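Per our numbering, the sequence shown starts with residue 87, numbered consecutively.
Ideal Cβ positions, reconstructed from N, Cα and C, are used throughout, including at glycine.
This structure is a prediction, so every number in the text was calculated from the model and none was measured.
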Amino acid sequence: MEALLLGVGLLLGAYVLVYYNLVKAPPCRGLASLRGRTAVVTGANSGIGKMTALELARRGARVVLACRSRERGEAAAFDLRQESGNNEVIFMALDLASLASVRAFATAFLSSEPRLDILIHNAGISSCGRTREPFNLLLRVNHIGPFLLTHLLLPRLKTSAPSRVVVVSSAAHRRGRLDFTRLDRPVVGWQQELRAYADSKLANVLFARELATQLEGTGVTCYAAHPGEVRLSGCSASFLFPLSHPRPLPCSPSLSLSHRTSEQEGSLVQGEARSLLILKPGSPCLGFSSHTTSSDADGWVRHGNEEGLGSHPKEPSA
């Protein structure tokens, strides 16, 4: 019995040490202004996307929330305007599962917005739920839709340079194996969903790397960001999820837009290097820091390691 109590005490002590020494984030100190800049954040009505949009709005950017649900998108825009004090937060409809919707969004955006400085592909799904589409819905939402949207908005990104494209990927891309003979087949069952998700994240990384290469010298840079393990409304990211609770808002690096070197383009940003993921998935507040770091010209070098966020470039497996 004494041995059992000792073991439990050691585990609890280790958990407390990990939380206060490795997980608890420092206060936010990034204050770079984004006034005069325009950012598009897909899937910004909740979770990491909403926190990312909030931080951009706080910095003074004009922020477009590109969301599927008008009701939730308008509500999120209202919340963000109230919380940030920035009235330049608007909603525009975008359903990444529909290529027609992607084209309609691009047309509406290009006709109403004179510039685009930051494009953050945050929206994504990890399962198909109960839907039974005649195609790979995971690939459509996570990769094909963002791929088309980037292509359609690229001229505006170039004229607004220096500008950024941030593709939210995942460390799960390392388990991806792209089979081009099966890519757009329907996904049925949880095992196929896991594989399809990893494949879509691998496609994100490959896309970011190739786009960075093709855009070299244009002033448009591209990053793939891994936000780490984060609690979202659509899933619980850890089998010990009941033990977890929200983390404080992390430090967010500055979001200035000076040009980066080609060696840093297309890298995978690891946003959660310091957390004990199996015990404590992060809140959306922490996950957004990798997105904003990816939008930052100096975040990896000047802020990431110095302030201990763990938002630093890593070599992708692709």
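Contact defined as beta carbons within less than 8 angstroms: I believe residue i pairs with residue j. What is the distance between those atoms, to the nearest angstrom?
i, j, result
"Val188", "Leu235", "5 angstroms"
"Arg145", "Ser119", "6 angstroms"
"Val251", "Leu180", "With a Cβ gap of about 16 angstroms, Val251 and Leu180 do not count as contacting."
"Leu202", "Leu239", "6 angstroms"
So, for residue i: in the same chain, excluding its five sequence neighbours on each side, which residues have a beta-carbon less than 8 angstroms away from its beta-carbon?
i, result
"Ala162", "Ala130, Asn131, Ser132, Lys136, Ala139, Leu151, Cys153 and Phe177"
"Arg121", "Arg145, Gly146 and Ala147"
"Ala89", "none"
Spatial neighbours of residue i within its chain, please: CB distance less than 6 angstroms, with the 5 preceding and 5 following residues excluded, ordered by chain position.
i, result
"Asn228", "Gly210 and Ser286"
"Ser348", "Residue confidence for Ser348 is low, a pLDDT of 35 falling below 50, so the modelled location carries little weight; the figure read from the coordinates is stated next. The residues are Glu302."
Rounded to a whole number of angstroms, what is the C-alpha to C-alpha distance between residue i and residue j?
i, j, result
"Val291", "Leu297", "10 angstroms"
"Asp382", "Pro241", "Its pLDDT being 47, under 50, Asp382 is placed unreliably by the model, and the measurement read from it follows with that caveat. Approximately 21 angstroms between the Cα atoms of the pair."
"Val127", "Gln300", "23 angstroms"
"Ala125", "Ser249", "10 angstroms"
"Pro200", "Tyr283", "35 angstroms"
"Thr193", "Leu243", "14 angstroms"
"Glu169", "Leu142", "12 angstroms"
"Arg156", "Ala183", "15 angstroms"
"Gly171", "Phe164", "10 angstroms"
"Phe233", "Leu97", "45 angstroms"
"Ile230", "Arg167", "31 angstroms"
"Val306", "Arg158", "31 angstroms"
"Thr304", "Ser197", "23 angstroms"
"Asn222", "Leu185", "14 angstroms"
"Phe293", "Cys308", "9 angstroms"
"Phe195", "Glu160", "16 angstroms"
"Arg123", "Phe191", "19 angstroms"
Decide if residue i is buried, meaning its Cβ has at least 16 other Cβ atoms within 10 Å, or exposed.
i, result
"Arg148", "buried"
"Ser246", "buried"
"Ala311", "buried"
"Asn173", "exposed"
Problem - Within the stretch 168-241, ranges of the alpha helix (DSSP H) (whole runs, at least 4 residues) - result: Runs found: 185-198.
Practice task
Taking only runs that begin and end inside the stretch 132-170, name each unbroken beta strand (DSSP E) of 3 or more residues, in chain order.
Solution key: 148-153
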